[in-house]
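**Q** Pasting a structure below so you can have a look.
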Amino acid sequence: MKVKITRNAAKKLLEELNKEENKDMNIRVFVTHSHGDHAHYGMDLDKQKDGDELVATDKDISVLVDASEPMLDGIKIDYLYSAQEEGFVITNPAMGNHGDH
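The UniProt record's numbering numbers the first residue of the sequence shown as 1 and each following residue consecutively.
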């Protein structure tokens, strides 16, 4: 499994992970639903469970994913700033999913 985290996302994720109440937690990305050749993703803080893969990234943040879910392989976690809103965006360019539709 591969996971990419952008610099903007890493900054925001580390803010959460460095809080005392989250010291034993990891970032978890999961599929909320999929249809056709793409999926929609969710993210939360969680502890590792059976069936999870803890994927190391180049931003020194490890991400929990369900090892049996192929739509999680190749995900990209980004954090976007815009005039209307800001927040995390998770896509999977490896599966042809480049954003919401």
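We put the beta carbon where it would ideally sit given N, CA and C, even for glycine.
Taking only runs that begin and end inside the UniProt domain "Core" (1-93), name each unbroken alpha helix (DSSP H) of 4 or more residues, in chain order.
**A** Segments of the alpha helix (DSSP H) lying fully in the UniProt domain "Core" (1-93): 7-17.
**Q** I think S62 touches N26, with their Cβ atoms under 8 angstroms apart; what is that distance to the nearest whole Å?
**A** S62 to N26, Cβ: 6 angstroms. Contact.
**Q** Is it the case that the segment 2-22 contacts the segment 80-88, given that we only count it when at least three CB pairs across the two stretches are under 8 angstroms?
**A** Short answer: they touch.
**Q** How should K4 be labelled, buried or exposed, when 16 other C-beta atoms within 10 angstroms of its C-beta is the threshold for buried?
**A** K4 is buried by the Cβ-count criterion.
**Q** Near D93, which residues of its chain fall below 7 angstroms by C-beta distance, leaving aside the five closest residues on each side in sequence?
**A** Checking the displayed sequence, the identity of residue 93 turns out to be Pro instead of Asp. Cβ neighbours of P93 beyond the five flanking positions: G74, K76.
**Q** Given that a residue counts as buried once 16 or more other Cβ atoms are within 10 Å of its Cβ, and exposed if not, what is T91?
**A** So T91 counts as buried.
**Q** What separation, rounded to the nearest whole angstrom, lies between the Cα atoms of K12 and G42?
**A** So the alpha carbons of these two residues sit roughly 16 angstroms apart.
**Q** By how many angstroms is the C-alpha of M1 removed from the C-alpha of E21?
**A** Taking the straight line joining both Cα atoms gives about 28 angstroms.
**Q** Which whole-angstrom value is the C-beta distance of D66 and G87, which I expect to be below 8 angstroms?
**A** So it is not a contact: roughly 23 angstroms between Cβ atoms.
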